[in-house]
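Per the UniProt record's numbering, the very first residue in the sequence shown carries number 1; after that it's consecutive. Just so it is clear, CB atoms sit at the ideal spot from N, CA and C, and this is done for glycine as well. Structure first, then comments.
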Amino acid sequence: MHMQGEPRSMQQAPHYADVIEDVHRFLTERLLSCELAGIARGRVLVDPGFGFGKTLEHNLALLHSLQRFHGLGAGLLVGLSRKSMIGALTGQRAPKQRVIGSVAAGLLAAQRGARILRVHDVAATREALAVWQAVETAAAPAGTPSPRSARPRRDDED
Numbered sequence: 001m002h003m004q005g006e007p008r009s010m011q012q013a014p015h016y017a018d019v020i021e022d023v024h025r026f027l028t029e030r031l032l033s034c035e036l037a038g039i040a041r042g043r044v045l046v047d048p049g050f051g052f053g054k055t056l057e058h059n060l061a062l063l064h065s066l067q068r069f070h071g072l073g074a075g076l077l078v079g080l081s082r083k084s085m086i087g088a089l090t091g092q093r094a095p096k097q098r099v100i101g102s103v104a105a106g107l108l109a110a111q112r113g114a115r116i117l118r119v120h121d122v123a124a125t126r127e128a129l130a131v132w133q134a135v136e137t138a139a140a141p142a143g144t145p146s147p148r149s150a151r152p153r154r155d156d157e158d
């Protein structure tokens with residue numbers, strides 16, 4: 001997982017020359033370390049670290065450009081559920097009141113290629129994903145793989 005700084009100081013004026021490139025470079029380096037240790041990229045999940053040493057603008061840029069991380073060859077894990085960025089965007093101060101925004105953010109992440117979503121509101125997220133998948137499958141021309149079958153596969157999957 002990417003995090004700028006240390007937990008106690010990570011939100012004190014986070015700065016990036018280019019948040020997408022900086023996080024991509026960090027994750028690439030970590031994946032290379034895994035490979036040197038004998039762990040295949042396809043067996044690793046990467047997490048851009050939403051909310052960890054990032055401003056609202058950084059988080060939005062990462063979510064918008066999530067597809068950029070597909071080329072890494074690893075699965076993509078995203079945790080946006082009830083984050084302060086959701087509160088900032090929706091005006092919901094209490095984390096428990098951020099369900100709708102969290103589901104929307106999770107759906108956007110899935111549409112942009114996240115393989116695993118860390119969520120608090122499993123049923124609501126599952127319903128939103130089911131609707132999205134149904135629409136995508138219905139709208140696809142014959143012979144086009146469904147979103148579920150089009151997701152990146154791990155080396156050990158059949």
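Residue i, buried or exposed, once every other Cβ within 10 Å from all chains shown has been counted against 16
i, result
"isoleucine 86", "buried"
"glycine 53", "buried"
"leucine 66", "buried"
"arginine 93", "exposed"
"proline 141", "exposed"
"glycine 91", "exposed"
"valine 122", "exposed"
"threonine 15", "Sequence check: residue 15 is histidine here, not threonine. The residue is exposed, with fewer than 16 neighbouring Cβ atoms inside 10 Å."
"aspartate 47", "buried"
"histidine 2", "Per-residue confidence for histidine 2 stands at a pLDDT of 49, beneath the threshold of 50, marking its modelled position as unreliable; the derived number appears in the next sentence. Looking at its Cβ environment, which holds 16 or more other Cβ atoms inside 10 Å, histidine 2 is buried."
Residue i, DSSP secondary structure in three states
i, result
"alanine 138", "helix"
Interface flag, residue i vs chain D, CB-CB below 9 Å
i, result
"leucine 66", "You won't find chain D in this structure, because it holds only one protein chain."
Rounded distance between the beta-carbons of residue j and residue i, thought under 8 Å
i, j, result
"glycine 79", "leucine 89", "Incorrect: roughly 16 Å between the Cβ atoms, too far for contact."
"leucine 27", "leucine 72", "6 Å"
Any non-hydrogen atom of the ligand FMN within 8 Å of residue i CB
i, result
"arginine 43", "This structure lacks the ligand FMN, and indeed carries no ligand of any kind."
Quick check for students: name the residue ranges of the beta strand (DSSP E) that lie wholly in the UniProt domain "Pterin-binding" (1-130), counting only runs of 3 or more.
75-79 and 116-118
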